[in-house]
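Structure first, then comments.
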Amino acid sequence: MKQMTIAKLVAVAAAGLLSQAAFADGGTVNFNGNIVDSPCTVDPSSQNITVPLGDVSRTVFGAVAGKKSTPSKFTILLTDCGPTAKGATVTFTGTTDAIVKDDLAIANAGQVGVTAATGVAIELGDSAGTKIPVGSASGTYVLGLGNNPLKFQAAYISTSTAVTVGPANSTAQFVVAYL
């Protein structure tokens, strides 16, 4: 009986040591964020958009500067717009073309051994096709309560009479300003 009691005491003591060891490790949890006074929220699906411009034949541009490809449409979705949301403008920024300084430049985007297309840029516009120069605010979008899709389009535009083939990619950032 005495041996059984000692065995139980040893088992209880060992369990106590093991449970104490399980709580010996620790770490840190960081919580980050901001509380903002913004009339709307940019939907997560609109925070990193890819707009496919497709494979466009060089012949679309002919030997004329200023010819555009068929535009591709895209949307920036604003959600949770409250009663203070009256209107918004969007400004796109990015590297501009050396010739047409208010259009996006074509970049090689880190493709080693690949030469990007030349003689073209990317022109941004609103849903009606009105050009939005890079670095300038769009026209005003009227906002209502709830969700508000802001519609845009992008197209290749020839910047010279000689367009060469190759990847024709670019990147722009955007900022929504509320009115």
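For reference, each letter of the sequence shown is one residue, going -24 to -1, 1 to 155 in mature numbering (1 follows the signal peptide of the UniProt record, and there is no 0).
The C-beta atom is built at its ideal place from N, Cα and C for all residues, glycine as well.
This one's a predicted model, so the numbers in the text were calculated from it and none came from an experiment.
No residue range can be given for LYS43, since it is assigned to no beta strand (DSSP E) and is classified by DSSP as neither H nor E. Assigned with DSSP and collapsed to three states, PRO20 falls in helix. In the displayed model, THR35 falls within a helix according to three-state DSSP. With respect to the C-alpha of ASN124, the residue from LYS62, TYR132 and THR91 having the closest C-alpha is LYS62. Annotation for PRO125: the continuous beta strand (DSSP E) segment containing it runs 122 to 134.
Taken through DSSP and simplified to helix, strand or coil, SER48 comes out as strand. Boundaries of the beta strand (DSSP E) around GLY101: 96 to 102. Secondary structure at GLN149: strand, using DSSP grouped into helix, strand and coil.
The C-beta separation of ASP78 from ILE133 comes to about 11 angstroms, leaving the pair out of contact by the 8 angstroms criterion.
DSSP places THR65 inside the beta strand (DSSP E), whose first and last residues are 63 to 69. Taking a contact as a CB-CB distance under 8 angstroms, the pair LEU121 and CYS57 counts as one, their CB atoms being some 6 angstroms apart. For LEU155, the three-state secondary structure derived from DSSP is coil. Excluding the 5 residues flanking it on each side, ASN84 has same chain C-beta neighbours closer than 6 angstroms at ALA92, in chain order.
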